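Only one structure is covered here, and it is reproduced in the block below.
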Amino acid sequence: MNNLPPKLQDKLKQRELSNSLRTLSGTSDLIDFSSNDYLGFSRSSDINERALAILNNEGNLKNGATGSRLLTGNHELYTRAEQRIAHFHSSDTALIFNSGYDANLGLLGSIGLRGDVLLYDELCHASIRDGLQLGKANSYKFKHNDLNDLRAVTARVLNDQKNDGQVYVVTESVFSMDGDSPNLNELCQWCEEKEYRLIVDEAHAVGVAGPKGAGLMDTWGLTDKVFARIVTFGKALGVHGAAVLCGHELREFLINFARSFIYTTGLPPHSVAAVIAAYEKLEKDVSGINKLHRNIELLRLCVENSKLKV
Numbered sequence: 096m097n098n099l100p101p102k103l104q105d106k107l108k109q110r111e112l113s114n115s116l117r118t119l120s121g122t123s124d125l126i127d128f129s130s131n132d133y134l135g136f137s138r139s140s141d142i143n144e145r146a147l148a149i150l151n152n153e154g155n156l157k158n159g160a161t162g163s164r165l166l167t168g169n170h171e172l173y174t175r176a177e178q179r180i181a182h183f184h185s186s187d188t189a190l191i192f193n194s195g196y197d198a199n200l201g202l203l204g205s206i207g208l209r210g211d212v213l214l215y216d217e218l219c220h221a222s223i224r225d226g227l228q229l230g231k232a233n234s235y236k237f238k239h240n241d242l243n244d245l246r247a248v249t250a251r252v253l254n255d256q257k258n259d260g261q262v263y264v265v266t267e268s269v270f271s272m273d274g275d276s277p278n279l280n281e282l283c284q285w286c287e288e289k290e291y292r293l294i295v296d297e298a299h300a301v302g303v304a305g306p307k308g309a310g311l312m313d314t315w316g317l318t319d320k321v322f323a324r325i326v327t328f329g330k331a332l333g334v335h336g337a338a339v340l341c342g343h344e345l346r347e348f349l350i351n352f353a354r355s356f357i358y359t360t361g362l363p364p365h366s367v368a369a370v371i372a373a374y375e376k377l378e379k380d381v382s383g384i385n386k387l388h389r390n391i392e393l394l395r396l397c398v399e400n401s402k403l404k405v
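Counting in the working numbering, the sequence shown runs from 96 upward without gaps.
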């Protein structure tokens, strides 16, 4: 039976009536104001050629990973990529996932145990919310970028229940829709005082924030104040995949308990080689970052001059 059940038909109809029905569209040759390819890396011939050279040098020309990283899908390129990523982002270590969505599912779905509390910004990405639902901890949202509300929610939650578990705070360093950021210095200081574990998704800060594009936590010298950071490669880096930046113990924990890591085929060698090539380009040439920020300032100036409200 290929016909859609009535309840599912109703849900689609509701989307149509609310003018929010999603469809797949093709690419165009218009000026790009909608993709995440902030630096134009997805179209970089340098990255493509370098990735192929890495594969040739390594003698790893498989089209696919052949299995989970815990079985046959792991290879030397992963080690090389994770070491480069960790060094670039001033992290003890890194663990590559197939996507940012998988990284958040795996991390947040595994660390939250029964009796723990996870507090998250109300505008956090869907992957963060979905990851929280997979875990066994109780999760509570706080008002966007509002540290006072976070304090109030935490006090209420911990007062209402007998809690001897771990408290985690989850936020993003740059929020994709509004482009704003929390007060990371104050947030880190508060979490450190309370001995809460802070998790920061830096998906939209990588390749954009800081003089070398390492993200806001690195820019502000806060890398040792966080429990974990999530960085993705499908935005400014123009390739595919993601990584959790963390300590060695958390990396070992994720390898053993993150279901989105364990039960999936690894990235093909070419994808990992492309990640290495993209990071090499980002380290060697900051002209793309400088151009991006000039374009941002130009757009702001044009908007101000035209008296448009955004």
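The beta-carbon is built from N, C-alpha and C at its ideal position, and this holds for glycine as well.
Since the model is a prediction, treat every value here as computed from it, not as a measurement.
Taking its Cβ as the centre, do 16 or more other Cβ atoms sit within 10 Å of residue 121, making it buried, or is it exposed? If you number the sequence shown from 1, residue 121 lands on position 26. The residue in question, residue 121, is exposed, as its Cβ has fewer than 16 Cβ neighbours within 10 Å.
By a C-beta neighbour count over all protein chains shown, 10 Å radius and 16 as the cutoff for buried, is residue 108 buried or exposed? In the sequence shown, residue 108 corresponds to position 13, counting from 1. Exposed, since its Cβ has fewer than 16 Cβ neighbours within 10 Å.
Along the chain, where does the beta strand (DSSP E) that runs through residue 264 open and close? Locating residue 264 in the sequence shown gives position 169, counting from the first residue. Unbroken beta strand (DSSP E) run through residue 264: 262-267.
If you reduce the DSSP assignment to three classes, tell me which class residue 294 lands in. Along the sequence shown, one-based indexing puts residue 294 at 199. Three-state result, residue 294: strand.
Return the bridge partner residues of residue 85 from the DSSP annotation. Outside the displayed range of the chain (96 to 405) lies residue 85, so it cannot be described from this structure.
Beta-carbon proximity list for residue 236, same chain, < 6 Å, skipping 5 on both sides: In the sequence shown, counting from the first residue as 1, residue 236 sits at position 141. Correct list, in chain order: 215, 217.
Return the first residue and the last residue of the beta strand (DSSP E) that residue 236 is part of. If you number the sequence shown from 1, residue 236 lands on position 141. Looking at the DSSP string, the run of the beta strand (DSSP E) that includes residue 236 is 233-237.
Within 8 Å, strictly: CB atoms of residue 323 and residue 340: Taking the first residue of the sequence shown as 1, we reach residue 323 at position 228. Taking the first residue of the sequence shown as 1, we reach residue 340 at position 245. Contact: yes.
I need the straight-line Cα distance from residue 252 to residue 117, nearest angstrom please. One-based indexing of the sequence shown puts residue 252 at position 157. One-based indexing of the sequence shown puts residue 117 at position 22. C-alpha separation (whole angstroms): 37 Å.
Identity of the residues DSSP links to residue 215 by a beta bridge: Along the sequence shown, read from residue 1 onward, the residue named residue 215 stands at position 120. Paired residue(s): 236, 265.
Check the DSSP bridge columns for residue 341 and list the partner residues they point to. What you label residue 341 is simply residue 246 of the sequence shown in a count that begins at 1. For residue 341, which the question treats as bridged, DSSP gives the partners 188, 323.
DSSP three-state call for residue 270: helix, strand or coil? Counting from 1 along the sequence shown, the entry for residue 270 is found at position 175. Three-state result, residue 270: coil.
According to the neighbour-count rule (16 or more other Cβ atoms, all chains shown, within 10 Å of its Cβ), is residue 330 buried or exposed? For this step, residue 330 is matched to residue 235 along the sequence shown. With 16 or more Cβ atoms within 10 Å of its Cβ, residue 330 is classed as buried.
Exposed or buried, which one is residue 343 when buried takes at least 16 other CB atoms within 10 Å? Residue 343 sits at position 248 when you count from the first residue of the sequence shown. The residue in question, residue 343, is exposed, as its Cβ has fewer than 16 Cβ neighbours within 10 Å.
If you measure between the beta carbons of residue 310 and residue 326, is that distance less than 8 Å? By one-based count along the sequence shown, residue 310 stands at place 215. By one-based count along the sequence shown, residue 326 stands at place 231. Yes, they are a contact pair.
Based on Cα-Cα distance, which residue from 190, 210, 312 lies nearest to residue 348? Sequence index remark: in the sequence shown, residue 348 carries index 253 (1-based). Of the candidates 190, 210, 312, the one whose C-alpha sits nearest the C-alpha of residue 348 is 190.
Please classify residue 328 as buried or exposed, where buried requires at least 16 neighbouring CB atoms within 10 angstroms. Locating residue 328 in the sequence shown gives position 233, where the first residue counts as 1. So residue 328 ends up on the buried side.
Assign residue 197 to one of two classes, buried (16 or more other C-beta atoms within 10 Å of its C-beta) or exposed (fewer than that). Counting from 1 along the sequence shown, the entry for residue 197 is found at position 102. Classification of residue 197: buried, given that the 10 Å Cβ count is 16 or more.
Only counting the same chain, and skipping five residues up and downstream in sequence, which positions put a Cβ closer than 7 Å to that of residue 175? For the purposes of this step, residue 175 is taken as residue 80 along the sequence shown, with counting starting at 1. Cβ within range, chain order: 371.
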